[in-house]
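Undergrad: Our numbering applies: residue 1 is where the sequence shown begins, and numbers increase by one.
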Amino acid sequence: MPRVYKRTTSKAKTPSKNMKDALHSIQKGKSIKETAITYKIPYPTLRCYWKKFLLDENTRLSPNYYVKRIFTDKQELELKEYILTCSRMFYGLPIKECRCIAFEMATINKISIPQKWHKDSMAELLARSPIFANGTRIFNLDETGTITVQNPQKVLAKKGVKSVCKVTSAERGTLVTTCIIISASGQYLPPVIIFPRVHFKEHMLLGAPSGSLGLACKTGWMNGELFLDVMNHFIKFSSSTKENPSLLIYDNFEAHLSIAVLNLAKEHGVTIFTLPPHSTHKLQPLDVGVMGPFKTAYNAAIDSWMLHNPGKTFTIYQVAASVGLAFLKAITPSNIVAAFKKTRSYWIKPFIFCNNLTAIIAGYVIPARAKIDKDLVYSTKHS
1 MPRVYKRTTS KAKTPSKNMK DALHSIQKGK SIKETAITYK IPYPTLRCYW
51 KKFLLDENTR LSPNYYVKRI FTDKQELELK EYILTCSRMF YGLPIKECRC
101 IAFEMATINK ISIPQKWHKD SMAELLARSP IFANGTRIFN LDETGTITVQ
151 NPQKVLAKKG VKSVCKVTSA ERGTLVTTCI IISASGQYLP PVIIFPRVHF
201 KEHMLLGAPS GSLGLACKTG WMNGELFLDV MNHFIKFSSS TKENPSLLIY
251 DNFEAHLSIA VLNLAKEHGV TIFTLPPHST HKLQPLDVGV MGPFKTAYNA
301 AIDSWMLHNP GKTFTIYQVA ASVGLAFLKA ITPSNIVAAF KKTRSYWIKP
351 FIFCNNLTAI IAGYVIPARA KIDKDLVYST KHS
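1) DSSP state of residue 189, grouped into three classes?
2) Around the C-beta of residue 210, are 16 or more other C-beta atoms found within 10 angstroms, so that it is buried, or is it exposed?
3) Excluding sequence positions up to five away, which residues of its chain have a Cβ less than 8 angstroms from the Cβ of residue 43?
4) Which of the three DSSP states, helix, strand or coil, is assigned to residue 25?
5) By the 10 Å Cβ neighbour count, where 16 or more other Cβ atoms means buried, how is residue 38 classified, buried or exposed?
6) Rounded to a whole number of angstroms, what is the C-alpha to C-alpha distance between residue 236 and residue 222?
7) From this set, 189, 272, 194 and 70, which residue's C-alpha is nearest residue 319's C-alpha?
8) Would you grab the beta carbon distance between residue 253 and residue 189 for me? Rounded to a whole angstrom, and I think it's under 8 angstroms.
9) Can you have a look at residue 109 and say buried or exposed, based on whether 16 or more other CB atoms are within 10 angstroms of its CB?
10) So if DSSP puts residue 143 in a beta bridge, which residue, or which two residues, is it bridged to?
11) Measure the alpha-carbon distance for residue 218 versus residue 226 and round it to whole angstroms.
12) So if DSSP puts residue 270 in a beta bridge, which residue, or which two residues, is it bridged to?
13) Could you name the residues that DSSP lists as bridge partners for residue 216?
14) Grab me the residues of residue 305's own chain with a C-beta within less than 7 angstroms of its C-beta, minus the 5 sequence neighbours each way, in chain order.
15) What residues are listed by DSSP as bridge partners for residue 138?
16) Can you find at least 3 beta carbon pairs, one from the segment 295-312 and one from the segment 195-210, that sit closer than 8 angstroms?
17) Is residue 27 close to the ligand GTP? I mean its beta-carbon at under 7 angstroms from any heavy atom of the ligand.
18) Quick check on the DSSP output: the alpha helix (DSSP H) that includes residue 39 runs from which residue to which?
19) Return the chain-ordered list of same chain residues with a C-beta closer than 8 angstroms to the C-beta of residue 59, the five sequence neighbours on each side being excluded.
20) Would you check if the distance between the CB atom of residue 174 and the CB atom of residue 191 is smaller than 8 angstroms?
21) Check each candidate in 22, 136 and 75 and name the one with the smallest Cα separation from residue 111.
22) So, with DSSP's three-state summary, where would you put residue 256?
23) Mind checking whether residue 325 and residue 248 have CB atoms under 8 angstroms apart?
24) In whole angstroms, give me the CA-to-CA distance for residue 348 and residue 6.
25) Work out the CA separation of residue 328 and residue 78 for me, nearest whole Å.
26) Measuring alpha carbon to alpha carbon, tell me which of 30, 61 and 55 ends up nearest residue 45.
27) Which residues in the same chain have their Cβ closer than 7 angstroms to the Cβ of residue 301, if we skip the five residues on either side of it in sequence?
28) Would the beta-carbon of residue 186 fall within 8 angstroms of that of residue 337?
29) Are there 16 or more other CB atoms within 10 angstroms of the CB of residue 137, so buried, or fewer, so exposed?
30) Work out the CA separation of residue 296 and residue 290 for me, nearest whole Å.
31) Out of 182, 147, 23 and 70, point me to the one whose CA is closest to residue 332's CA.
32) Counting only the same chain and skipping the five closest in sequence on each side, list residues whose C-beta sits under 7 angstroms from that of residue 231.
33) Residue 107 and residue 143 - do their beta-carbons sit closer together than 8 angstroms?
34) What's the gap between the Cα of residue 70 and the Cα of residue 98?
35) Which stretch, first to last residue, makes up the alpha helix (DSSP H) that contains residue 101?
36) Report the rounded CA-to-CA distance for residue 21 versus residue 56, giving the unit in angstroms.
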């Protein structure tokens, strides 16, 4: 069984009223030692408070537990409400994530923080206590992996052959992340392509859609720092301002929810709407009607490149051109509008999740149903 600590001393438990009475008693001429015995207050404690009382009669008469506090009461309340709101929305934050948020909050507000916070960029945390006229201002954003090894298309071969082979660029591919942004009006914004390199070079975007943004990181994955650049890119091409607000829909990936990104969106009139877990297959337009055709067109573009460049290896420097070809074929107004209609993101219709819909999480066994009516014995008595 876990051990529960029980306090064995009464030190530092003197009520403020008793301390105040003791100080007034000393003020009237009684000695500190005698007063300490009378009111059962440790002599050093009473002497310390007496010295403070001489300097300021309105001094705090209770132990100062706020010496190591970082945030004000208001800031702590805001942080607490944010964490509780996330929990109510089924996005409960783990401890490490809470520490990261506290660190970002302290850094952005230029609050002096302990040196140990900088070690892991985390903070120990203890919680104390547009309406949009039309679809042109509703956007959906999502990332997808555009790797250098394609999923080969079906090919013609001799009938009856059990194994049909198709050349691929390599055995294992390199990940390049492509971030796609579409609007309910049927338009798309220039994509963002993240390359697995330390530094981005302009030639990496050769053949990409006009206005595309190129970024680089070692892994090729999206992260919070890069997503800040993505948000600036979105604000630029969507012309979002407080007078011309926009709604941006995306999933609840942690890189999308840094404080810097949320503040930037707020400053430019961008309302962020995050989708619940395990629901993007029904609620995210890109997943519903765009990513499938895009991946098919992207694989076809790589197949075409391989046919026209026999013996060569498809690398990350050809990804942008293939993405450009896939955009022309798959990211079309008809696909985009149909995807938004399917998810009811703009044309609001209820009951997108039917009662008989199969859960995306498999493995749940429904208990066997009991026999009905005649085989059931109902009783109102309790044993």
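Note that beta-carbon positions come from the ideal geometry of N, C-alpha and C, so glycine has one too.
These figures come from a predicted structure and were not determined experimentally.
TA: For this structure:
1) Looking at residue 189 - three-state DSSP - the assignment turns out to be strand.
2) With fewer than 16 other Cβ atoms within 10 Å, it is exposed.
3) For residue 43, where only same-chain residues beyond five positions count, the Cβ hits under 8 angstroms are 32, 33 and 36.
4) For residue 25, the three-state secondary structure derived from DSSP is helix.
5) Residue 38 is exposed by the Cβ-count criterion.
6) If you take the alpha carbons of residue 236 and residue 222, they lie about 19 angstroms apart.
7) Ranking the options by Cα distance to residue 319, first place goes to 194.
8) Not quite, the Cβ-Cβ distance comes to about 19 angstroms (not below 8 angstroms), so this is no contact.
9) Exposed is the call here.
10) Per the DSSP secondary-structure output, residue 143 pairs in a beta bridge with 179.
11) In this structure, the alpha-carbon of residue 218 lies about 12 angstroms from that of residue 226.
12) Answer is 246, bridged to residue 270.
13) Looking at the DSSP assignment, residue 216 forms a beta bridge with 195.
14) If the five residues before and after residue 305 are omitted, its C-beta is found closer than 7 angstroms to the C-beta atoms of 314, 318 and 322, all from its own chain and listed in chain order.
15) Per DSSP, 247.
16) Touching, no.
17) Among the ligands in the structure shown, none appear at all, so the ligand GTP cannot be discussed.
18) 32-39 is the span of the alpha helix (DSSP H), which, as asked, contains residue 39.
19) Apart from the 5 residues on each side of it in sequence, residue 59 sits with its Cβ closer than 8 angstroms to the Cβ of 49, 52 and 53 in its chain, given in chain order.
20) Going by C-beta atoms, residue 174 is not nearer than 8 angstroms to residue 191.
21) Considering only 22, 136 and 75, the residue with the shortest C-alpha distance to residue 111 is 75.
22) In the three-state reduction of the DSSP assignment, residue 256 falls in the helix class.
23) Not a contact, by the Cβ cut-off of 8 angstroms.
24) Confidence is the limiting factor: at residue 348 the pLDDT is only 46, short of 50, which leaves the residue's position unreliable, though a coordinate-based value still follows. It is roughly 58 angstroms from the alpha-carbon of residue 348 to the alpha-carbon of residue 6.
25) Cα to Cα, residue 78 sits roughly 45 angstroms from residue 328.
26) That would be 61, whose Cα lies nearest to the Cα of residue 45.
27) Non-local C-beta neighbours of residue 301 in its own chain, meaning closer than 7 angstroms and more than five positions away in sequence, comprise 322, 325 and 326, ordered along the chain.
28) Less than 8 angstroms divides the Cβ of residue 186 from the Cβ of residue 337.
29) The residue is buried, with at least 16 neighbouring Cβ atoms inside 10 Å.
30) If I take the Cα positions, the gap works out to 10 angstroms.
31) Nearest of 182, 147, 23 and 70 to residue 332, Cα basis: 182.
32) Within the same chain, and ignoring the five residues on either side of residue 231 in sequence, the residues whose Cβ sits closer than 7 angstroms to its Cβ are 261, 264 and 265.
33) No.
34) Residue 70 and residue 98: Cα-Cα distance of roughly 15 angstroms.
35) Boundaries of the alpha helix (DSSP H) around residue 101: 95-108.
36) Distance between the alpha carbons of residue 21 and residue 56: 16 angstroms.
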